[in-house]
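J.: Can you keep this structure in mind? I'll have questions shortly.
2 protein chains.
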Amino acid sequence: MVRSRVSDAVIRRMPRYYRYLVDLEKNGVERISSEKLGRYTGLTASQIRQDFNCFGGFGQQGYGYNVTDLKNTIAGILGLHKHYQVIIVGAGNVGQALANYTNFKDEGFTVAALFDTQSPPVGTFVNGVLVWPVEKMEAFVREHQVDIGIITTPQSVARKIAERMAEAGIKGIWNFAPVDVSLPEQDVCVENLHLSDSLLTLTYHLNEDPAKKE
Amino acid sequence: MVRSRVSDAVIRRMPRYYRYLVDLEKNGVERISSEKLGRYTGLTASQIRQDFNCFGGFGQQGYGYNVTDLKNTIAGILGLHKHYQVIIVGAGNVGQALANYTNFKDEGFTVAALFDTQSPPVGTFVNGVLVWPVEKMEAFVREHQVDIGIITTPQSVARKIAERMAEAGIKGIWNFAPVDVSLPEQDVCVENLHLSDSLLTLTYHLNEDPAKKE
DNA sequence: TAGATTGTTAATCGATTAACAATC
DNA sequence: TAGATTGTTAATCGATTAACAATC
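Protein chains in written order, with our numbering: chain A, 1 to 214; chain B, 1001 to 1214.
The structure is reproduced here in structure tokens:
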């Protein structure tokens, strides 16, 4: 994937800021200082100011940050001003769950279609989303100008599907299969999310030698 | 959560090594050098050797690493030699998907029960896992010696559920609700996995100023 | 204005990479 | 043995934290 000049660590904190700012706005908070936001999010005030200044100065000396403005600015940075057409390949448990995940609808993501080879039967609906045979994927992507492809297939076919998505013109791939997908030569962004990797960091900590904890 | 002496960056690479080693073993590879493993995983040989040496020397000079031994050693570090009793609170899309996720069964995780307040109706089965009223959670945890609690509830109740889990004696929490759960004063490990945070890093990259890419 | 708080530079800390002696 | 490759120390790089002048 292409590497931006803003470090990955900073980028991965932005959605977190966004989440907290949405909460603050809901609670009617109008302004917030980096120090208070730091206490709220568990980060240091210094880091927050550094992070925001990767994208320009959003605050005002002596005042802090306007919650709504900052929230909207970060939404823009994260690309949330746009609407995204999404397809999901692999209509198993995870694929179906994501098709039904209302949080995404609220944030401007439309699941336009599910693709699979077998079950649930092609032609059925999963919460209003039609399941297609995977052979039709490329044609669908081109016709509906799909932005994001989600891969929830078994590991064995994930890389092949990713290549086909890239070939068909998809620009962003969100991969849940337990294999790292990367398409460096193509102009495609890939975000790998490995559920089991996350779970194994938890079991690591559960089994950590308590003597080594501090 | 307690902080180990091994850095978080190292810990988060261990499941990845494990994944690749499982693959290598499946493909009949018996030994591998840090350099080859580096090319395979996309990391540097130096980093791999540093990472492994956080836990002791697993290799042999002039030879490299025995794939099966290394895989088993890392499995042990990640706590995969044990079996885990798991409950899921929140039987919505994500909760049901995780209850059905066969990958976990293969790795020694048993989903003993689902808990919810309403749908799917309490008393029904989701792929062989019974749905209980959430009031029964504490009693169930104590009776069945549950190790891990998965939170797939709405945001609004996630923190309360986490506290109840900790109170009931659960030692590890895997939180999917879009709110950071942390229980610093309790002896509980929490792994937050925010699906939408991951998605937003993808949309960030999709909207990145191409001039800033290199 | 005075107080508060940012934007930004400098200092520190930690993680990654490089190098190489040890040794299989 | 000679070649290969680790384990480990030292050097570098980058990210976080601290400090403070700018300014609202």
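Idealized CB from N, CA, C, for every residue including glycine.
Note down the Cα distance separating residue 1092 of chain B from residue 1158 of chain B, rounded to an integer number of angstroms.
T.: Translated into the one-based positions of the second sequence, residue 1092 of chain B becomes position 92. Translated into the one-based positions of the second sequence, residue 1158 of chain B becomes position 158. Near 13 Å, if we compare the C-alpha coordinates of residue 1158 of chain B and residue 1092 of chain B.
J.: So with CB distances below 7 Å, who are the chain B contacts of residue 201 of chain A?
T.: Residue numbering aside, residue 201 of chain A sits at position 201 when the first sequence is read from its first letter. Per Cβ cutoff of 7 Å: 1011, 1012, 1015 and 1191.
J.: Who are the neighbours of residue 1078 of chain B on chain A, taking C-beta pairs under 7 Å?
T.: Counted from its first residue, the second sequence places residue 1078 of chain B at position 78. Ordered by position in chain A, the residues that pass the 7 Å Cβ test against residue 1078 of chain B are 200, 203 and 204.
J.: I'd like to check one pair, residue 1086 of chain B with residue 1109 of chain B: are the Cβ atoms closer than 8 Å?
T.: Along the second sequence, one-based indexing puts residue 1109 of chain B at 109. Along the second sequence, one-based indexing puts residue 1086 of chain B at 86. Contact flag set, yes.
J.: Counting along the chain, where does the alpha helix (DSSP H) carrying residue 27 of chain A start and finish?
T.: Translated into positions along the first sequence, residue 27 of chain A becomes position 27. Residue 27 of chain A -> no alpha helix (DSSP H), and no H or E assigned at all.
J.: Taking three-plus beta-carbon pairs below 8 Å as touching, is the region 1067-1085 of chain B in contact with the region 1118-1138 of chain B?
T.: no
J.: Counting contacts by CB-CB distance shorter than 8 Å, is residue 1148 of chain B in contact with chain A?
T.: Residue numbering aside, residue 1148 of chain B sits at position 148 when the second sequence is read from its first letter. Yes, because at least one Cβ of chain A sits closer than 8 Å to the Cβ of residue 1148 of chain B.
J.: For the region 158-168 of chain A against the region 132-143 of chain A, do three or more pairs of beta-carbon atoms, one drawn from each stretch, fall closer than 8 Å, so that the two count as touching?
T.: Contact holds: three or more Cβ-Cβ distances are below 8 Å.
J.: Beta-carbon separation of residue 1020 of chain B and residue 1041 of chain B under 8 Å?
T.: Here residue 1020 of chain B refers to the residue found at position 20 of the second sequence. Here residue 1041 of chain B refers to the residue found at position 41 of the second sequence. Contact flag set, yes.
J.: What are the partner residues of residue 1154 of chain B, as DSSP defines its beta bridges?
T.: Your numbering for residue 1154 of chain B matches position 154 in the second sequence. Answer is none; residue 1154 of chain B lacks a bridge partner.
J.: Please identify, using Cβ separations under 9 Å, the residues of the region 1167-1186 of chain B that lie next to chain A, in order along the chain.
T.: Correct list: 1171, 1172, 1173, 1174, 1178, 1179, 1180 and 1182.
J.: For the 8 Å Cβ check, are there 3 or more pairs between the region 95-113 of chain A and the region 149-157 of chain A?
T.: Three or more beta-carbon pairs drawn from the region 95-113 of chain A and the region 149-157 of chain A are found closer than 8 Å, and the two stretches are therefore classed as touching.
J.: By the 10 Å Cβ neighbour count, where 16 or more other Cβ atoms means buried, how is residue 1009 of chain B classified, buried or exposed?
T.: By one-based count along the second sequence, residue 1009 of chain B stands at place 9. Exposed: under 16 other Cβ atoms inside 10 Å.
J.: Go through its chain and collect everything with a Cβ distance to residue 83 of chain A's Cβ below 6 Å, but skip five positions before and after it.
T.: Taking the first sequence and counting its residues from 1, the one referred to as residue 83 of chain A is at position 83. Cβ within range, chain order: 108.
J.: Run through chain B and tell me which residues come within less than 8 Å of residue 96 of chain A, C-beta to C-beta.
T.: Counted from its first residue, the first sequence places residue 96 of chain A at position 96. Those are 1093 and 1097, listed as they occur along chain B.
J.: Measuring alpha carbon to alpha carbon, tell me which residue in B/1106, B/1035 and B/1111 is nearest residue 1099 of chain B.
T.: Numbered from its first residue, the second sequence carries residue 1099 of chain B at position 99. That would be B/1111, whose Cα lies nearest to the Cα of residue 1099 of chain B.
J.: Cβ of residue 1171 of chain B within 8 Å of Cβ of residue 195 of chain A?
T.: In the second sequence, residue 1171 of chain B corresponds to position 171, counting from 1. In the first sequence, residue 195 of chain A corresponds to position 195, counting from 1. Not in contact: residue 1171 of chain B and residue 195 of chain A (Cβ atoms no closer than 8 Å).
J.: What's the C-alpha gap between residue 61 of chain A and residue 35 of chain A?
T.: For the purposes of this step, residue 61 of chain A is taken as the residue at position 61 of the first sequence. For the purposes of this step, residue 35 of chain A is taken as the residue at position 35 of the first sequence. Cα to Cα, the separation comes out at about 13 Å.
J.: For residue 1018 of chain B and chain A, any beta-carbon pair shorter than 8 Å?
T.: Counting from one through the second sequence, the residue named residue 1018 of chain B turns up at place 18. Judged by the 8 Å Cβ criterion, residue 1018 of chain B is in contact with chain A.
J.: Who are the near neighbours of residue 37 of chain A in its chain, counting only those whose CB is closer than 6 Å to its CB and skipping five residues on each side?
T.: Counting from 1 along the first sequence, the entry for residue 37 of chain A is found at position 37. So the qualifying residues of the chain are 48.
J.: Opposite residue 127 of chain A in the DSSP bridges: which residues?
T.: Translated into positions along the first sequence, residue 127 of chain A becomes position 127. Residue 127 of chain A pairs with nothing; no bridge assigned.
J.: Using CA coordinates, which residue listed in A/29, A/39 and A/179 is at the minimum distance from residue 1103 of chain B?
T.: Locating residue 1103 of chain B in the second sequence gives position 103, counting from the first residue. Minimum Cα distance to residue 1103 of chain B is reached at A/179.
J.: Quick test of your reading: residue 1146 of chain B and residue 1173 of chain B, contact by CB under 8 Å. State the CB separation rounded to the nearest angstrom.
T.: Translated into the one-based positions of the second sequence, residue 1146 of chain B becomes position 146. Translated into the one-based positions of the second sequence, residue 1173 of chain B becomes position 173. Incorrect: roughly 11 Å between the Cβ atoms, too far for contact.
J.: Can you give the Cα-Cα distance for residue 15 of chain A and residue 1176 of chain B, rounded to whole angstroms?
T.: Translated into positions along the first sequence, residue 15 of chain A becomes position 15. Translated into positions along the second sequence, residue 1176 of chain B becomes position 176. Roughly 15 Å separates the two Cα atoms.
J.: Between residue 7 of chain A and chain B, is any beta-carbon pair separated by less than 8 Å?
T.: What you label residue 7 of chain A is simply residue 7 of the first sequence in a count that begins at 1. Closer than 8 Å: no.
J.: Which residues mark the beginning and the end of the beta strand (DSSP E) in which residue 109 of chain A is found?
T.: Within the first sequence, residue 109 of chain A is the residue found at index 109, counting from 1. Residue 109 of chain A -> beta strand (DSSP E) spans 109-116.
J.: Using the Cα positions of residue 5 of chain A and residue 1013 of chain B, report the straight-line distance between them to the nearest angstrom.
T.: Locating residue 5 of chain A in the first sequence gives position 5, where the first residue counts as 1. Locating residue 1013 of chain B in the second sequence gives position 13, where the first residue counts as 1. Residue 5 of chain A and residue 1013 of chain B: Cα-Cα distance of roughly 23 Å.
J.: At what residue ranges does the region 1005-1092 of chain B contain a whole run of the beta strand (DSSP E), taking only runs of 3 or more?
T.: 1084-1089
J.: Can you give me the Cβ contacts of residue 1024 of chain B inside the same chain, cut-off strictly under 7 Å, excluding the 5 residues immediately before and after it?
T.: Locating residue 1024 of chain B in the second sequence gives position 24, where the first residue counts as 1. Cβ neighbours of residue 1024 of chain B beyond the five flanking positions: 1032 and 1067.
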